[in-house]
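Here the structure comes first, spelled out in structure tokens, and everything after it is commentary.
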């Protein structure tokens, strides 16, 4: 019997690694894709055996590199799920956003998911699989990091484009929009400012920030059979942030950036 494969980009990070571990409950093999192959290998070994968790070095902003990644995925079995998780944010304000930062953020957060999907679209059509894009609450409202936010907003539209155009092939396309996620990067901020999570809590109705497992569970749901009739949607995983975002948006718009 052909083994099922899930591809997770940006898999060496906290969110990607957690998604990979969660999808292993529903897939035979997880391809952990990251530009840092050593970090991907470390994440893979932390999750389990090399026959189930396969690390692969790939620059997802390179069409050539992504094409090779797709070949590797196809060699492992039937590709059922693509999770476009790789992403990064640079300048906090528009004033500090250089043209280079704008291009870099768009290349990683928007163009890369496009390249990855196009590289495996035939594989997903063959399996009637799905793509899950990791967007952000920044795609939906103004919370800073403008280049990243604009790219993530574009990613939501790409999600819908794939859903509409490729639905006839049985491919589903959805997005998850996390709020603040308690990753190592945020733990580092907490080391510098012990009150950082306490300060963030006031914007979240659930009085906490998101855990990587929260994101992983949402991805697994959207990629799984219980979401068989769901496509073209964005699921916020934000502890209620966007439900009450108006006050925060006003606060941000009135803050000083110069």
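Numbering (my numbering), first residue to last: -11 to 246.
Glycine included, every Cβ here is placed at the ideal spot set by N, Cα and C.
Residue j beta carbon less than 9 angstroms from that of residue i
i: residue 141; j: residue 90; result: no
i: residue 112; j: residue 120; result: no
i: residue 26; j: residue 4; result: no
i: residue 65; j: residue -3; result: no
i: residue 8; j: residue 29; result: no
i: residue -6; j: residue 108; result: no
i: residue 127; j: residue 144; result: yes
i: residue 49; j: residue 19; result: no
i: residue 223; j: residue 162; result: yes
i: residue 93; j: residue 114; result: no
i: residue 14; j: residue 208; result: yes
Inter-residue spacing [alpha-carbon to alpha-carbon] between residue i and residue j
i: residue 53; j: residue 22; result: 11 angstroms
i: residue 116; j: residue 73; result: 20 angstroms
i: residue 226; j: residue 168; result: 7 angstroms
i: residue 58; j: residue 194; result: 39 angstroms
i: residue 171; j: residue 203; result: 12 angstroms
i: residue 245; j: residue 220; result: Because the pLDDT of residue 245 is 34, which lies under 50, any placement of that residue in the model is unreliable, and the number read from its coordinates should be weighed accordingly. So the alpha carbons of these two residues sit roughly 35 angstroms apart.
i: residue 212; j: residue 99; result: 25 angstroms
i: residue 132; j: residue 60; result: 37 angstroms
i: residue 243; j: residue 205; result: Unreliable positioning characterises residue 243 in this predicted model, as indicated by a pLDDT of 39, which lies under 50. The coordinate reading is nonetheless provided below. Going by the C-alpha atoms only, they are around 35 angstroms apart.
i: residue 320; j: residue 37; result: Outside the displayed range of the chain (-11 to 246) lies residue 320, so it cannot be described from this structure.
i: residue 56; j: residue 210; result: 26 angstroms
i: residue 102; j: residue 51; result: 10 angstroms
i: residue 88; j: residue 82; result: 13 angstroms
i: residue 154; j: residue 47; result: 25 angstroms
i: residue 231; j: residue 196; result: 14 angstroms
Burial state of residue i, where buried means 16 or more other Cβ atoms lie within 10 Å
i: residue 1; result: buried
i: residue 166; result: buried
i: residue 86; result: exposed
i: residue 105; result: buried
i: residue 160; result: buried
i: residue 63; result: exposed
i: residue 263; result: Residue 263 lies beyond the stretch modelled for the chain, which goes from -11 to 246, so this question has no answer here.
i: residue 183; result: exposed
i: residue 217; result: exposed
i: residue 157; result: exposed
i: residue 75; result: buried
i: residue 137; result: buried
i: residue 198; result: buried
i: residue -1; result: buried
i: residue 179; result: exposed
i: residue 173; result: exposed
Where residue i falls: helix, strand or coil (DSSP)
i: residue 49; result: coil
i: residue 44; result: strand
i: residue 69; result: strand
i: residue 221; result: coil
i: residue 84; result: coil
i: residue 94; result: helix
i: residue 199; result: coil
i: residue 37; result: coil
i: residue 121; result: strand
i: residue 249; result: Outside the displayed span of the chain (-11 to 246) sits residue 249, for which this structure offers no information.
i: residue 159; result: coil
i: residue 19; result: strand
i: residue -3; result: strand
i: residue 130; result: coil
i: residue -8; result: strand
For residue j and residue i, believed in contact at Cβ under 8 angstroms, the rounded distance
i: residue 123; j: residue 164; result: 7 angstroms
i: residue 33; j: residue 16; result: Going by Cβ atoms, the distance from residue 33 to residue 16 rounds to 18 angstroms, so no, they are not a contact pair.
i: residue 229; j: residue 80; result: Not a contact, Cβ separation roughly 18 angstroms.
i: residue 69; j: residue 146; result: Not quite, the Cβ-Cβ distance comes to about 17 angstroms (not below 8 angstroms), so this is no contact.
i: residue 200; j: residue 6; result: 4 angstroms
Closer than 8 angstroms: residue i CB and nearest the ligand ADP heavy atom
i: residue 50; result: Of ligands this structure carries none, so the ligand ADP is not represented either.
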